[in-house]
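Q: Pasting a structure here, questions to come.
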Amino acid sequence: DSGVTQTPKHLITATGQRVTLRCSPRSGDLSVYWYQQSLDQGLQFLIQYYNGEERAKGNILERFSAQQFPDLHSELNLSSLELGDSALYFCASSSIDTKAFFGQGTRLTVV
Amino acid sequence: DQQVKQNSPSLSVQEGRISILNCDYTNSMFDYFLWYKKYPAEGPTFLISISSIKDKNEDGRFTVFLNKSAKHLSLHIVPSQPGDSAVYFCAASPNTGTASKLTFGTGTRLQVTL
Numbered sequence: 001d002s003g004v005t006q007t008p009k010h011l012i013t014a015t016g017q018r019v020t021l022r023c024s025p026r027s028g029d030l031s032v033y034w035y036q037q038s039l040d041q042g043l044q045f046l047i048q049y050y051n052g053e054e055r056a057k058g059n060i061l062e063r064f065s066a067q068q069f070p071d072l073h074s075e076l077n078l079s080s081l082e083l084g085d086s087a088l089y090f091c092a093s094s095s096i097d098t099k100a101f102f103g104q105g106t107r108l109t110v111v
Numbered sequence: 112d113q114q115v116k117q118n119s120p121s122l123s124v125q126e127g128r129i130s131i132l133n134c135d136y137t138n139s140m141f142d143y144f145l146w147y148k149k150y151p152a153e154g155p156t157f158l159i160s161i162s163s164i165k166d167k168n169e170d171g172r173f174t175v176f177l178n179k180s181a182k183h184l185s186l187h188i189v190p191s192q193p194g195d196s197a198v199y200f201c202a203a204s205p206n207t208g209t210a211s212k213l214t215f216g217t218g219t220r221l222q223v224t225l
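Quick note, the sequences are listed as chains A and X, same order.
Residue 78 in our numbering sits at position 78 of the first sequence; the count goes up by one each step and never skips.
Residue 205 in our numbering sits at position 94 of the second sequence; the count goes up by one each step and never skips.
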């Protein structure tokens, strides 16, 4: 158990819809990262938050947004969903030590 | 453009033998490399890392070798155990491995057979 909790584990939704993925980081970790893993792809970095502020941005679509709340949990919002958004979405957290700990992921299926 | 490549999608090794997983990279700015292991229905877990100032790092049964001139690294698992069966991701970073700068390979599925 990495200490990073993601909910839900599975999500099935229709094209055009909007979903919210939730992540609770390890206790004490200020940084939260979101990654996407599509079929046969490596993990692609989407966005990082540090103590409530956006810290770094990767290959995140404009239809996607994230935020980190005062209690340090984070949400990834995906809107106007397309079939190609079907993927595993991982959240990771880290503290001063730069090695990240990953959650179990949310498997999103867009039909 | 895949900057970190794991050209073998799968590998099967007998228990007790050596497993060698390979990774190639193209970006010469990468100087910190990590291996993550992933079981089904779990997130990736950090396994071992190496900085570009070294050419070898060892942790128990796991050793990572780095050949900077060839832009190649490998993970050796000796001896391989059934519990090592998982997907292994290679990742690279231009600095100390902060998760926002990691570039991951597509993974190699290792199957350790009895």
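Glycine included, each C-beta is placed from N, C-alpha and C at the ideal position.
Count the other CB atoms, across all protein chains shown, that sit within 10 Å of the CB of residue 69(A); report buried if there are 16 or more and exposed otherwise.
A: Residue 69(A) comes out exposed.
Q: Please compile the residues from chain A whose C-beta is within a distance smaller than 7 Å of the C-beta of residue 205(X).
A: Going along chain A, no residue has its Cβ under 7 Å from residue 205(X), so there is no contact; the nearest lies around 12 Å.
Q: Since residue 136(X) contacts residue 182(X) with CB under 8 Å, what's their CB separation in whole angstroms?
A: At roughly 5 Å, the Cβ-Cβ gap stays under 8 Å, so residue 136(X) and residue 182(X) are in contact.
Q: Need the endpoints of the beta strand (DSSP E) that residue 222(X) sits in, please.
A: It spans 219–224 - the beta strand (DSSP E) in which residue 222(X) sits, taken as one unbroken run.
Q: In angstroms, rounded to a whole number, what distance separates the CA positions of residue 169(X) and residue 80(A)?
A: In a straight line, the C-alpha of residue 169(X) is about 47 Å away from that of residue 80(A).
Q: From the DSSP secondary-structure annotation, give me the bridge partner or partners of residue 135(X).
A: In the DSSP output, where bridge partners are listed per residue, residue 135(X) has 116(X) and 183(X).
Q: What's the gap between the Cα of residue 1(A) and the Cα of residue 102(A)?
A: Spanning the two alpha carbons is a distance of roughly 9 Å.
Q: Quick test of the definition: if touching needs 3 or more C-beta pairs under 8 Å, does the segment 5–20 of chain A touch the segment 32–49 of chain A?
A: These segments do not touch.
Q: In the segment 41–74 of chain A, which residues sit with their C-beta less than 8 Å from some C-beta in chain X, listed in chain order?
A: Here the close residues are 41, 42, 43, 44, 45, 48, 55, 56 and 58.
Q: Does any residue of chain A bring its CB to less than 8 Å from the CB of residue 217(X)?
A: Judged by the 8 Å Cβ criterion, residue 217(X) is in contact with chain A.
Q: To the nearest angstrom, how far is it from the Cα of residue 42(A) to the Cα of residue 50(A)?
A: Cα to Cα, the separation comes out at about 24 Å.
Q: What does residue 100(A) reach in chain X if we use C-beta pairs closer than 7 Å?
A: Result: 210.
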